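Each remark here refers to the structure printed beneath this line.
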Amino acid sequence: MDLNPWLDRTKLVVCVGAGGVGKTTTAAAIALRGALSGRRTMVLTIDPARRLANSLGLDQFGNREARIDLSGMEGVKPGGELWAMMLDARSTFDALIHRVAPSDEVRERILANHVYRHMADTFAGSQDYMASEKIYDVAALGTYDLLVLDTPPVKNALDFLESPGRLVNFLDERVLSWFLDGSRSSRGGMMFGTSKVVFYLLGRVFGEQFIDDLSQFFRDFEGLYEGFRKRHQEVLDMFRAPTTQFVTVCAPSESSVDVASFFLSEFERRALPCGGIIVNQVHACSGQTHDAESVLGATARSLGGDLPPAVAASVVARLGMAHRRLHTLAMADHALARGLKSRYSGRLPGFFQEVPRMEDEVHDLPSLREVGRALFDQDAAPLSS
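Number 119 in our numbering belongs to position 119 of the sequence shown; there are no gaps in the numbering.
Next comes the structure, spelled out in structure tokens:
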């Protein structure tokens with residue numbers, strides 16, 4: 001299974017997986033591969049560790065598109081460009097308010113509201129919610145041929161999958177009406193039951209100014225619900241589009257494979273398009289029947305002629321032992337990978353690819369290109385068989 005046609009027909013790749021498995025590197029390598037093939041490509045990360053900048057050889061980048069210089073790389077097809085962006089939740093949230101606010105007056109009032117400012121900073125999962133909003137905005141512009149989204153490690157990535165509907169639920173008309181009715185009653189003196197207790201405590205703890213800000217906040221947001229609901233559906237449609245592919249990245253370890261299994265089950269349950277599985281950092285070892293003495297014995301004795309004979313024999317024996325350990329580790333890696341593949345074979349579409357462990361750290365464009373070659377220049381197995 002050649003992965004190059006798969007990438008050519010894909011417009012959005014979402015990489016998910018546990019932390020420390022090379023997910024960020026994989027996302028950057030996929031984006032670079034798209035750029036080298038002549039596509040205008042954007043890679044966006046919401047990883048709090050900001051490792052993507054290091055992989056791309058950048059010191060830092062922010063909520064604005066940053067173009068990566070590919071002029072020193074050979075074989076870049078015409079039109080190929082690589083761009084990168086680090087999500088900033090606050091500025092993305094503000095931009096969203098600019099788009100959905102019904103008037104300049106309402107927009108400015110919301111942006112200046114103390115409750116909104118606090119929510120923009122601390123709203124649970126806002127970074128993940130804003131990631132889905134940002135990737136949608138970038139996709140809607142149509143200026144990029146390929147988008148690659150690198151998600152944070154497992155817990156936050158789960159929030160990312162669930163986040164598009166979180167703010168819609170928070171702004172549900174029934175919830176808003178409860179607060180608004182309670183706020184109006186608190187000013188008119190007619191309030192009973194839970195509402196009375198809640199608003200009394202809020203006033204006592206935070207002061208009357210907070211109640212005023214909270215009331216104004218909900219009154220302004222009351223008219224935004226339909227806009228948020230519409231965008232929520234558009235984001236869901238984007239994630240379920242046939243040109244979107246979710247790719248699970250894992251390492252050949254039991255804990256990482258368990259996380260990958262969880263994601264694959266979630267894709268199946270949520271009807272999200274599964275692009276495939278990448279098992280990264282797989283140990284490679286050839287020559288199961290190699291005998292260290294027959295392969296290296298003569299060379300060791302020739303190079304160590306001025307050393308006691310036992311030294312050369314000891315070196316050869318240690319190299320043979322190291323090879324056997326590496327071979328055992330490689331077989332264990334492949335067994336875990338094959339077990340993951342067989343678990344979802346026939347259940348999900350997509351590819352299955354093993355990427356060997358790199359000898360050096362992936363920290364620049366040439367090393368990212370090598371990761372891309374390992375991923376795209378060898379045939380992958382179909383996950384459906």
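Ideal Cβ placement from N, Cα and C applies to all residues, glycine included.
Given the structure is predicted, the values throughout are model-derived calculations rather than measurements.
For residue i: DSSP bridge partner residues
i, result
"residue 240", "DSSP output for residue 240 lists no bridge partner at all."
"residue 152", "In DSSP, residue 152 forms no bridge with anything."
"residue 146", "41"
Beta-carbon contacts of residue i that lie in its chain and below 6 Å, excluding the five residues immediately before and after
i, result
"residue 343", "none"
"residue 148", "13, 27, 30, 31 and 43"
"residue 134", "87 and 92"
For residue j and residue i, the rounded distance between their alpha carbons
i, j, result
"residue 261", "residue 338", "13 Å"
"residue 69", "residue 19", "28 Å"
"residue 279", "residue 101", "44 Å"
"residue 364", "residue 225", "44 Å"
"residue 245", "residue 221", "34 Å"
"residue 86", "residue 45", "5 Å"
"residue 119", "residue 230", "21 Å"
"residue 286", "residue 327", "8 Å"
"residue 240", "residue 11", "12 Å"
"residue 139", "residue 132", "10 Å"
"residue 21", "residue 259", "11 Å"
"residue 238", "residue 136", "7 Å"
"residue 105", "residue 63", "26 Å"
"residue 7", "residue 95", "31 Å"
"residue 366", "residue 248", "24 Å"
"residue 107", "residue 212", "17 Å"
"residue 317", "residue 303", "16 Å"
"residue 319", "residue 331", "18 Å"
Own chain partners of residue i with C-beta closer than 7 Å, once the 5 adjacent residues on each side are dropped
i, result
"residue 346", "384"
"residue 315", "300"
"residue 217", "113, 115 and 116"
"residue 33", "7, 372 and 376"
"residue 272", "239, 240 and 246"
Chain D within 8 Å of residue i, Cβ atoms only
i, result
"residue 149", "Of the protein chains in this structure there is only one, and it is not chain D."
Element boundaries [alpha helix (DSSP H), containing residue i]
i, result
"residue 359", "Unbroken run through residue 359: none, as it is neither H nor E."
"residue 371", "365-376"
"residue 4", "3-8"
"residue 111", "104-112"
Segment limits, beta strand (DSSP E) that includes residue i
i, result
"residue 16", "12-16"
Cβ neighbours of residue i in the same chain (closer than 8 Å, five flanking residues each side left out)
i, result
"residue 275", "6, 10, 13, 245, 246, 247, 350 and 351"
"residue 83", "40, 41, 42, 43, 65, 66, 67, 68 and 144"
Continuous alpha helix (DSSP H) assignments of at least 4 residues falling wholly in the segment 31-87: 51-55
Which complete alpha helix (DSSP H) runs does the segment 231-310 hold, if anything under 4 residues is left out? 254-270 and 292-303
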